[in-house]
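Scroll down for the structure; my scribbles are underneath it.
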Amino acid sequence: MALTAKQIEALKPESKPYTKADGRGLSIEVAPTGGRWWRFKYRHGGKQKRLSLGTYPDIDLKTARERREEMRQMVARGIDPLAQRKAEKVTKANTFESVARAWFEKNRNKWSARTWGLVTTRVEKDLIGELGARPIAEITRSELRDVLERVQGRGALETAHRLRQDAALIFRHAEALELTDRNPADALRDVLHVRTTKHHAAITDEKELGALLRAIHAMDGDATVRAAMRMLPYVFVRPGELRAAGWAEFDLEAAEWRIPVGRMKQRVEHIVPLAPQVVAILREQQALTKGSDYVFPSVRSKRRPLSENTLNACLRRLGYSKDKATAHGFRSTATTLLNESGLWHVDAIERQLAHAEGNKVRAAYNKAAHLAERRKMMVWYADHLDKLRDADLV
Numbered sequence: 005m006a007l008t009a010k011q012i013e014a015l016k017p018e019s020k021p022y023t024k025a026d027g028r029g030l031s032i033e034v035a036p037t038g039g040r041w042w043r044f045k046y047r048h049g050g051k052q053k054r055l056s057l058g059t060y061p062d063i064d065l066k067t068a069r070e071r072r073e074e075m076r077q078m079v080a081r082g083i084d085p086l087a088q089r090k091a092e093k094v095t096k097a098n099t100f101e102s103v104a105r106a107w108f109e110k111n112r113n114k115w116s117a118r119t120w121g122l123v124t125t126r127v128e129k130d131l132i133g134e135l136g137a138r139p140i141a142e143i144t145r146s147e148l149r150d151v152l153e154r155v156q157g158r159g160a161l162e163t164a165h166r167l168r169q170d171a172a173l174i175f176r177h178a179e180a181l182e183l184t185d186r187n188p189a190d191a192l193r194d195v196l197h198v199r200t201t202k203h204h205a206a207i208t209d210e211k212e213l214g215a216l217l218r219a220i221h222a223m224d225g226d227a228t229v230r231a232a233m234r235m236l237p238y239v240f241v242r243p244g245e246l247r248a249a250g251w252a253e254f255d256l257e258a259a260e261w262r263i264p265v266g267r268m269k270q271r272v273e274h275i276v277p278l279a280p281q282v283v284a285i286l287r288e289q290q291a292l293t294k295g296s297d298y299v300f301p302s303v304r305s306k307r308r309p310l311s312e313n314t315l316n317a318c319l320r321r322l323g324y325s326k327d328k329a330t331a332h333g334f335r336s337t338a339t340t341l342l343n344e345s346g347l348w349h350v351d352a353i354e355r356q357l358a359h360a361e362g363n364k365v366r367a368a369y370n371k372a373a374h375l376a377e378r379r380k381m382m383v384w385y386a387d388h389l390d391k392l393r394d395a396d397l398v
């Protein structure tokens, strides 16, 4: 006799699992824990088989019967529903989306939060969105090329190139898992238009730099934003590293800032010796940021750092276009002036800029390399900037 919804609701768990049949191969199994599973029994190839159709009440009686009829039709056509389900699971595990997400997880602890967001967003939008359901071993060079050319066609050339690089790494991950034996992205290196190298605009002429520093020193507006702009030229870190700086990273007594691995582009802790001018700025900030973990909290909330565009927006308000000066450009300014001074070892300058080190062993060694020289260099550079700023005031 067929079951009713009322009868199913009344089923109580017992010391051992038991089943109640609904008919035509469908039954509901009740576990001692109280869980209830729909089961479908059928014969295929001369063997009795059983397949789960889901749990009750997630799958109600009507839906369970509909799934039973789908399975019965498959059996009638000579298809084994259990083997079909297993094949679908294998196919799903081998799709471009599943491999891409496995690659995301592999790199979660290697990438900064910002890099994680940028990579996953563009891959999900343009690669998973177009190729996600396809078995990765079946994706052809022409399929991938079409996706990249569509991205290029909407004017996002840089994104297209980055997506090709992402795809190459995802296919390489699939090769390591033995899910494919080819990498179509590698063959598409020269398909996209050549991209022009974009440099962050920077002022390296000392007279012009002095004028910029005076403008920054005299700027009005929010005190925290002003402090961030004043500090950036002295430390010449990447703008994101400055914006998200936390008080826990600083030892003002030792005049040292240690930026943790998770916030650095190269995934290596970075030590920034602090000149007296920087320590003074930070001590002023301490009084302004009580209750915030951030040195430069957002104007709107002390629980968030300054927004990404704040520093460049300040330069625009000071009259400097994006082709003339950028927040990131202070790094180029520093490397130019420090190298031109002839006073400092090139490795000390590169280390202070936290540039990528090709040799991993050397990179680990260099974390604190040239630190004594870098301490002197940072004090000299801060004093030099002050001289340029005050040159027309004497």
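Numbering-wise (our numbering), the sequence shown opens with residue 5 and increments by one. All residues carry an ideal CB built from backbone N, CA and C; glycine is no exception. Note that the structure is predicted; figures quoted are calculated from it, not measured.
When the Cα of ALA87 is compared with those of ARG47, LEU122, VAL123 and ARG69, which residue comes out closest?
The shortest C-alpha separation from ALA87 is found at ARG47.
From HIS165 to ILE83, what distance separates their C-alpha atoms?
Using only the alpha carbons, I get a separation of about 44 angstroms.
How many angstroms separate the CA atom of PHE25 from the CA atom of GLY38?
Reading off the sequence, residue 25 comes out as Ala, not Phe. Near 17 angstroms, if we compare the C-alpha coordinates of GLY38 and ALA25.
For chain B, is any of its Cβ atoms less than 7 angstroms away from the one on ASP62?
As a matter of chain content, chain B is missing from the structure shown, which is built from one protein chain.
Helix, strand or coil, according to DSSP, for PHE254 in the structure here?
Residue state, collapsed to three classes: strand.
Would you tell me roughly how many angstroms separate the C-alpha atoms of SER102 and GLU109, rounded to the nearest one?
Whole-angstrom Cα-Cα distance: 11 angstroms.
Quick one: give me the first and last residue of the alpha helix (DSSP H) that SER336 is part of.
From DSSP, the alpha helix (DSSP H) with SER336 extends over 333-345.
Please confirm if the stretch 323-331 is in contact with the stretch 340-348, defined as three or more CB-CB distances below 8 angstroms between the two stretches.
Cβ pair count under 8 angstroms is below three, so no.
Residues in its own chain within less than 8 angstroms of ARG287 by CB, not counting five upstream and five downstream?
LEU256, listed in sequence order.
Apply the 10 Å Cβ neighbour rule to MET381 and answer buried if 16 or more other Cβ atoms are within range, or exposed otherwise.
With 16 or more other Cβ atoms within 10 Å, it is buried.
Between which two residues does the alpha helix (DSSP H) carrying PHE108 extend?
Taken as a continuous stretch (DSSP letters only), the alpha helix (DSSP H) holding PHE108 covers 100-111.
Just to check my reading of the structure: PRO277 and ALA259 have Cβ atoms closer than 8 angstroms, yes? What is that Cβ distance to the nearest angstrom?
Yes, PRO277 and ALA259 are in contact; Cβ-Cβ is about 6 angstroms, under 8 angstroms.
Taking contact to mean 3 or more Cβ pairs, one atom from each stretch, closer than 8 angstroms, check whether the stretch 203-213 and the stretch 297-313 are in contact.
No, the stretch 203-213 does not touch the stretch 297-313.
Enumerate, from N- to C-terminal direction, the unbroken alpha helix (DSSP H) stretches of 4 or more residues contained entirely within the stretch 126-186.
Entirely contained in the stretch 126-186, the alpha helix (DSSP H) runs reaching 4 residues are, in chain order, 145-157 and 161-180.
Quickly, what does DSSP pair SER31 with across the bridge? List them, please.
For SER31, which the question treats as bridged, DSSP gives the partners ALA25 and ARG43.
If we ignore side chains and look at the alpha-carbon of each, how far apart do ALA189 and GLY225 end up?
Using only the alpha carbons, I get a separation of about 49 angstroms.
Could you check the C-alpha separation between ILE12 and VAL34 for me, to the nearest Å?
The alpha-carbon atoms of ILE12 and VAL34 are separated by roughly 10 angstroms.
Please give me, in chain order, every unbroken run of the alpha helix (DSSP H) with length at least 4 that falls completely inside the stretch 276-305.
Correct list: 280-292.
Is it right to say GLN356 is buried, meaning 16 or more other beta carbons lie within 10 angstroms of its own, or is it exposed?
So GLN356 counts as buried.
Give the DSSP-derived three-state secondary structure of THR228 in the structure shown.
Three-state result, THR228: helix.
Could you have a look at THR314 and say whether DSSP puts it in helix, strand or coil?
Three-state result, THR314: helix.
What does the alpha-carbon distance come out to for the pair TYR60 and ARG43?
Going by the C-alpha atoms only, they are around 11 angstroms apart.
Excluding the 5 residues preceding and the 5 following PRO36 in the sequence, name in chain order all residues of the same chain whose CB lies nearer than 7 angstroms to its CB.
Here the set comprises PRO17, GLU18, SER19, LYS20 and PRO21.
Looking at C-alpha atoms only, which residue of GLN281, GLU182 and VAL299 is the closest neighbour of ALA227?
With distances taken between Cα atoms, ALA227 lies closest to VAL299.
Helix or strand or just coil, what does DSSP make of PRO264?
In this structure, PRO264 counts as coil in the three-state DSSP scheme.
Assuming GLY244 is part of the alpha helix (DSSP H), what are its boundary residues?
Start and end: 243-247.
For PRO85, which three-state DSSP category applies?
PRO85 falls in the helix class under three-state DSSP.
Anyone know if the C-beta pair for THR184 and ALA178 falls short of 7 angstroms?
Yes, the Cβ-Cβ distance between THR184 and ALA178 is below 7 angstroms.
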